[in-house]
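Worksheet for the structure shown next.
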Amino acid sequence: MRRPSVSLMVLHGTVDGTLDDSMFGAFAASDEAWKWRSSHVNDRLVDARILSTIRGPTQNDPFLFLGIKWFTKEHPTVLTGILQRRDFLIMEATGLTTDSKGERIGYFLMHSVPILRGELSFCFILRQNGPSKVELYCRGFSDPHGEMMERLSVAIASEALICAAGVVTMRTFTLLGKGCACQSCRRVICTRCSVVKKMTVDVSDTGTVKQNRLGK
20 MRRPSVSLMV
30 LHGTVDGTLD
40 DSMFGAFAAS
50 DEAWKWRSSH
60 VNDRLVDARI
70 LSTIRGPTQN
80 DPFLFLGIKW
90 FTKEHPTVLT
100 GILQRRDFLI
110 MEATGLTTDS
120 KGERIGYFLM
130 HSVPILRGEL
140 SFCFILRQNG
150 PSKVELYCRG
160 FSDPHGEMME
170 RLSVAIASEA
180 LICAAGVVTM
190 RTFTLLGKGC
200 ACQSCRRVIC
210 TRCSVVKKMT
220 VDVSDTGTVK
230 QNRLGK
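Here's what the structure looks like:
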């Protein structure tokens, strides 16, 4: 994955404390712990989020973590306006294990997730056109990058535009059958085109249970 022009760095040395101390300092299984760690090591994080936790700590391995993280860093002040800020999407793993001699060791791994970053730009303009009509105009582009076929990328982008436009261009719903956006496909649906199912959605720190309507 490393390009030949990118330097390979090696670090070796010692730090004061115990192995558990070092692992506790490297451990960050929540956004709050990550920000706390960043404030102590001063790694210049501007923003950071844990997108997914795959594995968490256990009683036998309290420093176990495997998850997907996103972060962006600030540049030194002298480079502001010269270099653009970069962001990173990585898989991070920490934990304890033993080597071939049975000696207890800790590990801390970071590896980029190979995902292509697409670009898009759209502008929607809406105006009233009669008592029950709304005129909609949109212009923009979506560039998925990579080797995706142009016709396929345009089809995907146009489908997304139709879904967005459907919020205002779908037929008028009666008072007894108001439209709403499906939580799965984001399309505007009516009562006849929907099936009500119960879902547990994490919408707050209190763990409130919320019912949503899904499209057929």
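Just so you know, we're using the numbering used here here: the sequence shown kicks off at 20 and counts up by one.
All C-beta atoms in this analysis are idealised placements derived from N, C-alpha and C, irrespective of residue type, glycine included.
In three-state DSSP terms, what is residue i?
i, result
"F192", "Note that F192 scores a pLDDT of 46, beneath 50, so its modelled location is shaky; the value from the coordinates is reported in the next line. DSSP places F192 in coil when its eight states are reduced to three."
"V60", "helix"
"L115", "strand"
"D106", "strand"
"I73", "strand"
"G100", "coil"
"R158", "strand"
"V173", "helix"
"M129", "strand"
"S24", "coil"
"G86", "strand"
"G141", "What sits at residue 141 in the sequence shown is Phe, not Gly. In the structure shown, F141 sits in a strand (DSSP, three-state: E or B)."
"A47", "coil"
Let me check understanding here. Comparing Cα to Cα, which of the options lies closest to residue i?
i, options, result
"H130", "V34, I124, I109 and F141", "I109"
"N79", "V153, D39, L30 and H94", "D39"
"E111", "E93, R123, Q103 and I87", "I87"
"S161", "S151, E178 and P150", "E178"
"E93", "L64, M168 and K54", "L64"
"P81", "T116, R104 and S58", "T116"
"H164", "L128, V153, A176 and C157", "A176"
"M167", "Q147, A52 and G137", "G137"
Report back the beta-carbon spacing between residue i and residue j to the nearest angstrom; my notes put them in contact at under 8 Å.
i, j, result
"L145", "L155", "5 Å"
"T113", "A45", "6 Å"
"L236", "T77", "This structure cannot speak to residue 236, because the chain is shown only from 20 to 235."
"G125", "M42", "5 Å"
"D106", "W89", "7 Å"
Would you say residue i reaches chain C, if we count a Cβ-Cβ gap shorter than 8 Å as a contact?
i, result
"L27", "The structure shown contains no chain C; it holds only a single protein chain."
Flag residue i as yes when its Cβ comes closer than 7 Å to any non-hydrogen atom of the ligand ZN, and as no otherwise.
i, result
"M129", "The ligand ZN is not part of this structure, which contains no ligands at all."
For this session: Tell me, please, whether the segment 37-51 touches the segment 64-83 by the rule of three or more beta-carbon pairs shorter than 8 Å.
Result: yes
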